[in-house]
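One structure is given below, encoded as structure tokens.
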Amino acid sequence: MNSSQIIATFGEFFERRGHRCIDGGSLLPPPGDPVLFTTSGMHPLTPYLEGKRHPLGRRLTGLQRCLRTTDLTEVGDSTHLTVFQMLGSWSLGDYDGPQSQRFGLELLHDHFGLRPELLHATAFGGNAQIGPDTTAAETWADLGLPVELLGEEDNWWSNGPTGPCGPDSEIFAWTGTGPPEGSPGTDERWLELWNHVTLRYERHPDGSLTPLTQRSVDTGMGLERLVMVANRAPSVFDTDAFAPWLPALPALWPQLADPEHPRPLRIITDHLRSSVVVIGDGVRPVPTGRGYVLRRLLRGALTELWRADPGSPLTLGDLPPEVVTETADQFRQPGEPAEVRSVLLAEERRFRQLLSRGRSLLARLYPSGSLTEADYQYLHDTHGLPRELVTDVLTRMLAG
Ligand code: SER
46 MNSSQIIATF
56 GEFFERRGHR
66 CIDGGSLLPP
76 PGDPVLFTTS
86 GMHPLTPYLE
96 GKRHPLGRRL
106 TGLQRCLRTT
116 DLTEVGDSTH
126 LTVFQMLGSW
136 SLGDYDGPQS
146 QRFGLELLHD
156 HFGLRPELLH
166 ATAFGGNAQI
176 GPDTTAAETW
186 ADLGLPVELL
196 GEEDNWWSNG
206 PTGPCGPDSE
216 IFAWTGTGPP
226 EGSPGTDERW
236 LELWNHVTLR
246 YERHPDGSLT
256 PLTQRSVDTG
266 MGLERLVMVA
276 NRAPSVFDTD
286 AFAPWLPALP
296 ALWPQLADPE
306 HPRPLRIITD
316 HLRSSVVVIG
326 DGVRPVPTGR
336 GYVLRRLLRG
346 ALTELWRADP
356 GSPLTLGDLP
366 PEVVTETADQ
376 FRQPGEPAEV
386 RSVLLAEERR
396 FRQLLSRGRS
406 LLARLYPSGS
416 LTEADYQYLH
426 DTHGLPRELV
436 TDVLTRMLAG
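Structural data, given as structure tokens:
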């Protein structure tokens, strides 16, 4: 099943069960929202999860583009992405958590062909404030899934320090080659696939919780992960979500085509694809806020490209326009390859200036090549030199 079929199947499943489809919106939250980017499908629905009436009713479904900088250090493995799409379903004071769990397993099994013996569930095990979610745990057990109780860090959902929150129950899929082993808490080959959150509380600025008068259910599943699991693909990068990027990048930079070391290619692909979507939502690279996140993504990609092939005469301007148009299509954006190309090229020029300034600065200040933590901090904060770039420039400088 390709991504479009999976999106359509998900939407139809919930529409047949009385849900109305909402348009997945921009990565930019509405004015007044304190966060930089939309990080989950529920994010734009916050007022409705707090009790406001939604014009489309109490059962909703949709696909939302999301950006998470919290996962940046993990990007490069087989499952983490900076920008991704989240499939979601919501009950705004309608059905309860167990019904959502039943819908979830039915859809994964009957429509996406995921075998229950390759699935594992987790539920909230309780903390000092709230007891364990035994209802969720019993429901999973009744549905025939093994269930593990985990703590607040894994199974309590909130979208920020205040606002609606509650216990989370998650479905994991086995991605190992042999039969399943261990549990999600003990074996990382269990991949987190679909979160079902029962939003029952409001968190206040002093940390206290009060029950919400309307109890809602919020579910979210990363599209790229579902496509990977449904097709038994080894990574999210081996799905059609990345079809326009792979093989475009190794065709230009053959050093990236190394199956033994996929990390650099994955980081570059993730960061460039994410940048295209961020640019598509109107952000431009600047030294602060959203624009800084974009700049960091582009510098991350450019650093990896430079490390892979320092002498290459190619530029981001050599990328085929299809990587932009096809990515924009996937994310339902208009897609303006000429505009994206000019943003990428301007940022690449700045990066090259940074690189040559960095080279002379390092040769002058640190000829021996030994830097303390404070030196790295200074180079980053004062001269905008990322640590990986500094390390690489130094290695090459010392090698002669
Ligand atoms: N809000 C939950 C998450 O992002 C479920 O949608 O995982």
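Position one of the sequence shown corresponds to residue 46 (the working numbering), numbered consecutively onward. Glycine included, each C-beta is placed from N, C-alpha and C at the ideal position.
*Please name the residue in W219, G176 and P177 whose C-alpha comes closest to that of P279.*
W219
*Whose C-beta lies closer than 8 Å to the C-beta of F217 among residues of the same chain, with five residues either side of it excluded?*
L164, H165, A166, T167, P229, W235, L236, E237 and L238
_Contained alpha helix (DSSP H) runs [length at least 4] in the segment 121-160, N- to C-terminal order_ = 142-151
*What three-state label does DSSP hand G205 in the structure shown?*
coil
*In three-state DSSP terms, what is D437?*
helix
*Would you check whether the ligand SER has a heavy atom nearer than 7 Å to the C-beta of S136?*
no
_Backbone secondary structure at I175 - three-state DSSP_ = coil
*Tell me whether R61 is buried or exposed, calling it buried when 16 or more other Cβ atoms sit within 10 Å of its Cβ.*
exposed
_Any alpha helix (DSSP H) of 4 or more consecutive residues that is wholly inside the segment 57-119_ = 91-94
*Could you tell me which of G205, E226, A173 and E215 sits nearest to P250, measuring between CA atoms?*
G205
*asked:* So for P309, helix, strand or coil by DSSP?
replied: helix
*Evaluate A463 with the Cβ neighbour count: other Cβ atoms within 10 Å of its Cβ, from every protein chain shown; 16 or more gives buried, anything less gives exposed.*
With the chain represented from 46 up to 445, any question about residue 463 goes unanswered, as that position is not in the structure.
*W7: CB within 7 Å of a non-hydrogen atom of the ligand SER*: In the structure as shown, the chain begins at 46 and stops at 445. Residue 7 is therefore absent and cannot be evaluated.
*State buried or exposed for G63, treating a residue as buried only when at least 16 other CB atoms are found within 10 Å of its CB.*
exposed
*asked:* Give me the DSSP bridge partner(s) of M266.
replied: L132 and W239
*asked:* Since C111 and T83 should fall inside the 8 Å C-beta cutoff, what is the C-beta to C-beta distance between them, to a whole number of angstroms?
replied: 6 Å
*Would you mind reading off the limits of the alpha helix (DSSP H) that contains L364?*
L364 -> no alpha helix (DSSP H), and no H or E assigned at all.
*Thinking L275 and M46 are a contact (beta carbons under 8 Å), I'd like their distance in whole angstroms, please.*
The amino acid occupying residue 275 in the given sequence is Ala; Leu does not appear at that position. Correct: roughly 5 Å between the Cβ atoms.
*Hey, is G86 close to the ligand SER, as in C-beta under 7 Å from one of its heavy atoms?*
yes
*Enumerate, from N- to C-terminal direction, the unbroken alpha helix (DSSP H) stretches of 4 or more residues contained entirely within the segment 338-418.*
367-375 and 382-410
*Closer than 7 Å: is that where the CB of G107 sits relative to any heavy atom of the ligand SER?*
no
*Exposed unless 16 or more other CB atoms sit within 10 angstroms - verdict on H306*: exposed
*Starting from E193 and walking both ways along the beta strand (DSSP E), at which residues does that stretch end?*
V192 to L195
*Neighbourhood of P366 by C-beta distance below 6 Å, restricted to the same chain and skipping five residues each side*: P382
*Residue closest to L271, alpha-carbon to alpha-carbon, out of G334, G176, H154 and I312*: H154
*Nearest-angstrom Cα separation, counted from A293 out to L301*: 11 Å
*For the 8 Å Cβ check, are there 3 or more pairs between the segment 326-338 and the segment 356-371?*
no
*Alpha-carbon to alpha-carbon, P224 and E183*: 24 Å
*Report the partner residues of H165 according to the DSSP bridge assignment.*
F217
*Grab the span of the alpha helix (DSSP H) containing P225 for me, first residue to last.*
Unbroken run through P225: none, as it is neither H nor E.
*Report the three-state DSSP secondary structure of P295 (helix, strand or coil).*
helix
*asked:* So, for R432: in the same chain, excluding its five sequence neighbours on each side, which residues have a beta-carbon less than 6 Å away from its beta-carbon?
replied: Y421
*asked:* Between V328, G170, P212 and G208, which has its C-alpha nearest G196's C-alpha?
replied: G170
*Could you tell me the distance, in whole angstroms, from the CA atom of R409 to the CA atom of T243?*
58 Å
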